[in-house]
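Position one of the sequence shown corresponds to residue 1 (full-length UniProt numbering), numbered consecutively onward.
Beta carbons are placed, not taken as given, at the ideal position from N, Cα and C, and that holds for glycine.
To start, the structure under review is shown below, and the notes come after it.
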Amino acid sequence: MQAFLNTAVEAARKAGDIAQINFNRINAGDIKTKAYNEFVTYVDEEAEKAIIDIIRGRYSDHTILGEEHGLQGDESDFLWVIDPIDGTTNYIHGFPVYCVSIALKIKGRLELAVIYDPSRQELFTAIRGMGSLLD
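What follows is the structure, given as C-alpha cells:
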C-alpha cells in the first residue's frame, strides 16, 4: 500500500506545482464552462495529465477516473479517482482555497487518499485502517 501512497503523493505534488506556477495567471479566455457553475481551465487539464502520466508510468494496467478526461483504461481492480484542482472556481478567482485530490479504490473499496493544498504546502494522507496524517 505504501508504494501506491508514494505514487499518489508524487502525483499530487506535481499537480500542485503546476497549479501554483499558474496561480493568478488565468484570463477569462482560459476558462471553459462544463456545466452551470462548473468550470475548467488549461491548468486543470495540465495538472490532470501530469497525475495520469505518473500513475500510468508505474501502473499502466490500472483504471483512472479523472474529472477532466473521464474514465481511462480497461476495467481493473484498481481505480484511481482524481480531481486535479478541487475548487476551480476559487482558483480562477485568485482565492488560494483549492487542492489536489487523489484516491485509490481497490476492488470497489476506497483504500487510500491524498489531499494536497499547494497554497499552504499541506499534504493530507490516509490509508484504510491506518488513520490519516498531515505532513
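Span of the alpha helix (DSSP H) holding Gly16? Within the sequence shown, residue 16 is the residue found at index 16, counting from 1. It spans 2-22 - the alpha helix (DSSP H) in which Gly16 sits, taken as one unbroken run.
Could you please give me the residues that DSSP links to Val100 through a beta bridge? For this step, residue 100 is matched to residue 100 along the sequence shown. Looking at the DSSP assignment, Val100 forms a beta bridge with Tyr116.
Consult DSSP for Lys105 and reduce its assignment to one of helix, strand or coil. Here residue 105 corresponds to residue number 105 of the sequence shown, with the count starting at 1. It is a strand residue.
On the three-pair Cβ rule with 8 Å, is the region 68-77 touching the region 92-102? no
Residues that Gly129 bridges to, as DSSP identifies them: On the sequence shown, position 129 is the one that residue 129 refers to. Gly129 pairs with nothing; no bridge assigned.
Just to confirm, are Ala11 and Ile85 a CB contact at a threshold of 7 Å? Position 11 of the sequence shown holds residue 11. Position 85 of the sequence shown holds residue 85. No.
Identify, in the order they occur along the chain, each residue of the same chain with its Cβ nearer than 6 Å to the Cβ of Tyr91, setting aside the five sequence neighbours on each side. Working through the sequence shown from its first residue, we reach residue 91 at position 91. Only Ile85, Tyr98 meet the Cβ criterion.
Within its chain, find whatever has a CB closer than 7 Å to the CB of Asp61; leave out the 5 residues flanking it on each side and keep chain order. Within the sequence shown, numbered from 1, the residue matching residue 61 stands at position 61. Once the five neighbours on either side are set aside, the close Cβ partners of Asp61 are Ser76.
Please report the residue range of the alpha helix (DSSP H) in which Gly57 lies. Taking the sequence shown and counting its residues from 1, the one referred to as residue 57 is at position 57. Looking at the DSSP string, the run of the alpha helix (DSSP H) that includes Gly57 is 42-58.
Sort out for me which residues DSSP pairs Phe124 with in a bridge. By 1-based counting over the sequence shown, the position of residue 124 is 124. Note: Phe124 sits in a beta bridge opposite Ile115, Leu134.
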